[in-house]
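Protein chains in written order, with my numbering: chain P, 27 to 376; chain Z, 6 to 441.
Think of the CB as a built atom: it goes at the ideal place given N, C-alpha and C, for glycine as much as any other residue.
Bear in mind that the values here come from a model prediction, so they are computed numbers and not experimental data.
Okay, structure first, notes after.
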């Protein structure tokens, strides 16, 4: 069997290759990160699906370590930006500086900022001003940076991991919806349990550290990752599953929660009508399907199933819905809304 | 080339199994529809038949309407469920995916089989799905060949057979009741309450009376007919409904339900009551208070024999409907008893069978009657509450007297209670109570 060669000459990897590579990277990351299995899997899922990840967790739960370890395991270039209130857009995108040549000739030259890498960690992104935050938008969405009227492409694979500190919210700038929507998944890092805590202590306070072995060589890492990402795109999705994803996303929108799509009998999701100000955008459905493809491959399937979407819905949709004041006063979390949506929409499988 | 051919064969086998599963599912759905509909129809028919046997016409009509409406709703629900269950290929594939835990493989194969260009993972999907072919064999996905609705159908049939058996067993009982009914009744015309006859019943009463009594009966019927004509349209509708229900009942049961022997009603007329116009008016108005209106009142004018010459007691054969119904207690079922038959005729016949008119205070008291077999006794307590129009405001409440009445152990349900001794000091009070 011969696989068709892609227009850019990149041949998709095989399904066994994908599973093997994924599990290997996962194992390397877990050398440094104890526990957090679901978070690590979601992070890798978003990475191979070609999206970006918003990581939320209290300080000390290994956010930075997680991202750093991923960079080491994949052998891709890695940069970290600590977002502060005085950070300027040029500080992350780069700026034009005057350089003098050997002949005394002086000219403007673009000095790339830390955004030019494969893996970018934006630490505490909500501490920067919206202007600086939005500097990430173009890079995340279009894989390019424009500075001084010139557009500079970013080398694929490009993966942004932004961390959010849910405490000490004073003086922070909540991410605008447009930027939140560009993150494929929102990964939560919870406090480790007692056993994991003991293992963390043993692993981090000893004299020896487990070295992270790169899965790919530096020369081929980017290409190999792109091949794996192409395979993800080859996973097949039945129209009924696509419709299911669309229905789920529309169900998060308050104006649509009463009548889902072309269903004869309208479905009323009371929680959405009462507590949701804005629902998910179509990017939510894209995220569901793309991440569902990765999950299908990991399960040894070449097709996406309804259950894949159900399991991914919290990570893919929670950060895309905006709750109203009634939800805040009633202590309603987005996770509760999404759980209700999944429970309701599950009954409408064709 | 060979690899592609093999792949096509595997795809064809996979699709064939989905098609076979679809056929089996639809067969079950068709059986469900058939058995459920039959069960509904049979159960509904049986209920209507039972109602026709056991209920009066209007109740039967209401019951039949409810049963028919319920049957229609049930049939509509069966059709909806059938429509919902009727499987096409994607539905069959989804069901197989769900029951065999194939995680959408069949659905995806089915959806992408006709695509122009396939994914690089298409051969893998075909091979992977074909490897699970034993898990989605139609017999494993849906092992049943017969729908569970057959249980409902069988249950209804068994119930029907059981009911038919019980009805056959009980049928002689109904006949026995008909035979036990009295064939001759004597009643006083003044005690008669004239009510519209049930149109579902056939005329089955022969009225005997002398000419004067028949004339009075005719005038009473005419009076009742005038009252009936003044009633509203609702009454006419009710009568029409009763007519329709009776005819329907006869059609359903296939026979006349109350096929009783003809009843011979001998009418008498007390001389003093007939001569007293006030008394006649009072009796007439009392009867009309309880009599529902209807065409039976008009039909009651049927005894044409009342215009016959006044010799001898005459037969007024009611050819249309039994318009004359004696009130409870006014008819003496033991017409064979000469003493009882004579009570309504002579001057001494004021008591006994006639004093059950009750509302006539002039006949409340008289000499106590000896009981034939009086052994036990019972008490009648008349509760009278002081009203605003009491004679003296603030007077002590009236305590009703306790009157001992010997009990006749052979007392028939419709036989008047024998008159008892009433203390003289209480007679006026009781009379006032009855006057009110």
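Take residue 270 of chain Z, set aside five residues on each side of it, and the residues of its chain with a beta-carbon closer than 6 angstroms to its own are 190, 210 and 212, in chain order. For residue 175 of chain P, there is no enclosing beta strand (DSSP E), since its DSSP letter is neither H nor E.
Beta-bridge partners assigned by DSSP to residue 349 of chain P: P/302. Between the C-alpha atoms of residue 253 of chain Z and residue 218 of chain Z there is a straight-line separation of about 37 angstroms. Neighbourhood of residue 135 of chain Z in chain P, by CB distance below 8 angstroms: empty, with the nearest CB roughly 13 angstroms away. Boundaries of the alpha helix (DSSP H) harbouring residue 84 of chain Z: 62-90, taken from the DSSP string.
The way I'd put it, the stretch 296-308 of chain P doesn't touch the stretch 47-63 of chain P; fewer than three beta-carbon pairs between them come closer than 8 angstroms.
For residue 260 of chain P, the chain Z residues whose C-beta falls within less than 7 angstroms of its own C-beta are 124, 125 and 126, listed in chain order. Under the DSSP assignment, residue 108 of chain P falls in the beta strand (DSSP E) whose first and last residues are 104-108. Using a C-beta cut-off of 8 angstroms, the stretch 176-194 of chain P makes contact with the stretch 139-148 of chain P, since at least three inter-stretch Cβ pairs fall below that distance.
Take the alpha-carbon of residue 232 of chain P and the one of residue 224 of chain P: they are about 12 angstroms apart. Rounded to whole angstroms, the gap between the alpha carbons of residue 109 of chain Z and residue 329 of chain P is 7 angstroms. The alpha-carbon of residue 79 of chain P is positioned some 31 angstroms away from that of residue 234 of chain P. The criterion of a C-beta distance shorter than 8 angstroms is satisfied by residue 55 of chain P and residue 96 of chain P. Under the Cβ criterion (8 angstroms, minimum of three pairs), the stretch 198-208 of chain P counts as touching the stretch 155-162 of chain P. By the rule that beta-carbons nearer than 8 angstroms mark a contact, residue 116 of chain Z touches chain P. Chain order gives the chain Z residues near residue 332 of chain P as 109, where near means a beta carbon separation below 7 angstroms. With fewer than 16 neighbouring CB atoms inside 10 Å of its own CB, residue 122 of chain Z falls in the exposed class.
Counting only runs that start and end inside the stretch 138-202 of chain P, the beta strand (DSSP E) elements of at least 3 residues fall at 145-149, 170-173, 176-179 and 185-190.
Straight through space, the alpha carbons of residue 324 of chain P and residue 211 of chain P are spaced by roughly 17 angstroms. Excluding its 5 nearest sequence neighbours in each direction, residue 300 of chain P has C-beta neighbours in its own chain below 7 angstroms: 352, listed in chain order.
According to DSSP, residue pairing for residue 122 of chain P in a beta bridge involves P/136.
In the assembly as shown, residue 84 of chain P is an exposed residue. Its beta-carbon has fewer than 16 other beta-carbons within 10 Å. For residue 213 of chain Z, the enclosing beta strand (DSSP E) begins and ends at 210-214. Burial check for residue 96 of chain Z: the Cβ neighbour count within 10 Å reaches 16 or more, so the residue is buried.
From the listed residues P/148, P/348 and P/38, the smallest Cα separation to residue 110 of chain P is found for P/148. For the options Z/247, Z/222 and Z/152, the alpha carbon positioned closest to that of residue 90 of chain Z is the one of Z/152. Counting C-beta pairs closer than 8 angstroms gives three or more between the stretch 44-63 of chain Z and the stretch 240-256 of chain Z, which meets the contact rule. Cα atoms of residue 192 of chain P and residue 276 of chain P: separation of roughly 28 angstroms, rounded to the nearest angstrom.
Taking C-beta separations shorter than 6 angstroms and ignoring five residues to either side along the sequence, the partners of residue 213 of chain P in its chain run 65, 68, 69, 79 and 81, following chain order.
The stretch 76-88 of chain Z and the stretch 123-138 of chain Z do not touch, with fewer than 3 CB-CB distances between them shorter than 8 angstroms.
In terms of beta-carbon proximity, residue 271 of chain P stays away from the interface with chain Z, with every pair separated by 8 angstroms or more.
With a threshold of 8 angstroms between beta carbons, residue 327 of chain P makes contact with chain Z.
Looking at the backbone, the Cα of residue 43 of chain P and that of residue 252 of chain P are separated by about 13 angstroms.
In terms of Cα proximity to residue 195 of chain Z, the closest of Z/8, Z/73, Z/51 and Z/274 is Z/274.
When the Cα atoms are used, residue 137 of chain P and residue 105 of chain P turn out to be separated by approximately 15 angstroms.
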